[in-house]
Each structure stands twice: as C-alpha cells, then as structure tokens.
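Engineer: Be aware that the sequence shown starts at 107, since it is given in our numbering, and climbs by one per residue.
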Amino acid sequence: MYGYTVTLPLFSASSIALFALTIFPISVQAQSSCQPPQPDEYLLLIVTQTPEQQERAKRSFPENTDNTVCRYVNDTVTRIGGFRSSQIASDWVKYIQDIVGLRAYVVRSPAAAIPENLPVYNPEPVADSRSLPNPQTDNPQPIPNPQTGNLAFNPQPLGPGYAVLVDYFNQPELATQLRQTLGAQIGLASYGRRPFLFVTYTTDQNAAAAAVKTLSERGFWPMLVDSRRVTLIAPAVR
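1. Is T282 near the ligand NAD, with its Cβ less than 7 Å from a heavy atom?
2. Rounding to the nearest angstrom, what Cα-Cα distance links N345 and G325 in this structure?
3. Run the CB neighbour count on D310, radius 10 Å, all protein chains shown included, and call it buried at 16 or more, exposed below.
4. With a CB to CB cut of under 8 Å and the five nearest residues on each side skipped, what residues in its chain are close to L151?
5. Run through the DSSP bridge pairs and tell me what C176 is partnered with.
6. For L280, which three-state DSSP category applies?
7. Starting from the C-beta of C176, find all residues in its chain whose C-beta is less than 7 Å away, skip the five residues before and the five after it, and write them out in chain order.
8. Please tell me whether A340 and L280 are closer than 8 Å, where the distance is taken between their beta carbons.
9. Please classify D146: does DSSP put it in a helix, a strand, or coil?
10. Using the C-alpha atoms, what's the distance from Y201 back to A316?
11. Could you tell me if F167 is buried or exposed, where buried requires 16 or more neighbouring beta carbons within 10 angstroms of its beta carbon?
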C-alpha cells in the first residue's frame, strides 16, 4: 500500500495454535487507513478485529502509549509507532503473539531498511567496550562498591532466558522512580548498543510476562527480550 517492507515474525507452535483457535465474531470497521511510518521508524501492527482484542492490545502498553486503530491492507490493526530499532520492535511482536495471544508484525519504510542505520546485534553478547554504553551524565550511575569506593561497572553477558528492561529515554531520574515503585534495586544493561534500566533476568516466561504487565500498568515502558542479547553493566544504579 505504501511501499513498506514487512518483516514477518517467526511463529512459535503455541502462537500458531492460539491464532488458529481464535474466533473473530465481529469485525470492527476502522475509520481510516494506517498512517505510514517515518523514514527512521518501525511500526508494530497488532491484528485486532474486535473491541475485546483492541482492549487487550491497549492493556499491553503503558497508558500514555500512542496507539491507533486503523486499516492496513485487509486487516483491522492497532498501530503502535515510535520504534527506532527493528530488533526491539520484533521482540514486541514475539511478546504480543506468545503472551498476549494476538497476531502482530512489523512494518517499516524503505528508508528504515538501510543496514548502516541499524544497530548490530550478537546472539551471544560479550563484554566488548565497543558495544557498551559510555557512562555519561544522562545515564543512571552505578552505586560505588562500599569496600573500594569504585563505581560498580562489571559487564556480564546473561545466559538463556528472559530479561525485563525499561527504556528510560535519557531520563536517569526514572531509575529512582522505578526503584521506589518496585522496592528493589534497579540495574543498568546494554541491549542493541543502547543502555536500558535492568529489572530482572529469569528463565520463567510467566514470571517475566508478569513483570512486564506490572510495569506497563504503572506507566513504564518495559520490554521482554532474549536475555542472551543483553549485557548487564551494573546490578544497581542510583
């Protein structure tokens, strides 16, 4: 329709079975076609044919998320914009399909597909200084080691499982808000060559999904990602 490039996600057996069993009794006619993505933007489109599905999709994101119900090709979808990374958008696709139980896919403009504009992702991240965020004043600062007084930078790649991260949008004060909300220490992690607040790492998919749901309900922007792509920079920040 717009000359988009569509990134088709890999479907797990469970998500395929869930989608096959989903019944769409009422089709909701959206008022307009979806707006195309910006040149450097990825769109997350969630197939939501009924009001109930639209509400489920909406509840998966913080309340202030910009979401629109519109038409894309032959589908009624919930449009979520603002993604600058294809991998982050794809991880949301996996979450929406496997946890929420709705079909989703990523749409991008041709300009967003230029390879040199995309971050590099390694399946097994290593503690390489070239791929770690440079600690600046706009990043949360690690808590010093009480014995040495040194900042607790100790990059560690995570193993298989799930990591729950929060995008703090260069607002380090969100680390304090998140710590106060959860009553637990918040770390700093590198994912896709970008720093994120680190909430938890677990091999329990249900526990990770519950954490994402809790954070979304409290107004944060959480992500459930493959922990093998995450490097923990510091276990606690201030």
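Even for Gly, the Cβ is constructed at its ideal location relative to N, Cα and C.
Structural biologist: Reading off the structure:
1. Ligands in the displayed structure: none, and consequently the ligand NAD is not present.
2. The question about residue 345 has no answer, for the chain in this structure spans 107 to 344.
3. Numbered from 1 along the sequence shown, position 204 holds the residue referred to as residue 310. That one is exposed.
4. For the purposes of this step, residue 151 is identified with residue 45 of the sequence shown, where counting begins at 1. Excluding residues within five positions, the ones whose Cβ falls inside 8 Å are C140, Y178, D181, V183, T184, R185, I186, A210, Y211, V212 and V213.
5. As a working note, residue 176 is residue 70 in the sequence shown. Per DSSP, V183.
6. The residue you call residue 280 lines up with position 174 of the sequence shown. If DSSP states are grouped into helix, strand and coil, L280 belongs with the helices.
7. Working through the sequence shown from its first residue, we reach residue 176 at position 70. Cβ within range, chain order: A136, S138, S139, C140, V183 and R185.
8. As a first step, residue 340 must be located in the sequence shown, where it is residue number 234. As a first step, residue 280 must be located in the sequence shown, where it is residue number 174. Not a contact, by the Cβ cut-off of 8 Å.
9. For the purposes of this step, residue 146 is taken as residue 40 along the sequence shown, with counting starting at 1. Note: D146 maps to coil in three-state DSSP.
10. As a working note, residue 316 is residue 210 in the sequence shown. As a working note, residue 201 is residue 95 in the sequence shown. In a straight line, the C-alpha of A316 is about 12 Å away from that of Y201.
11. Within the sequence shown, the letter at position 61 stands for residue 167. With 16 or more Cβ atoms within 10 Å of its Cβ, F167 is classed as buried.
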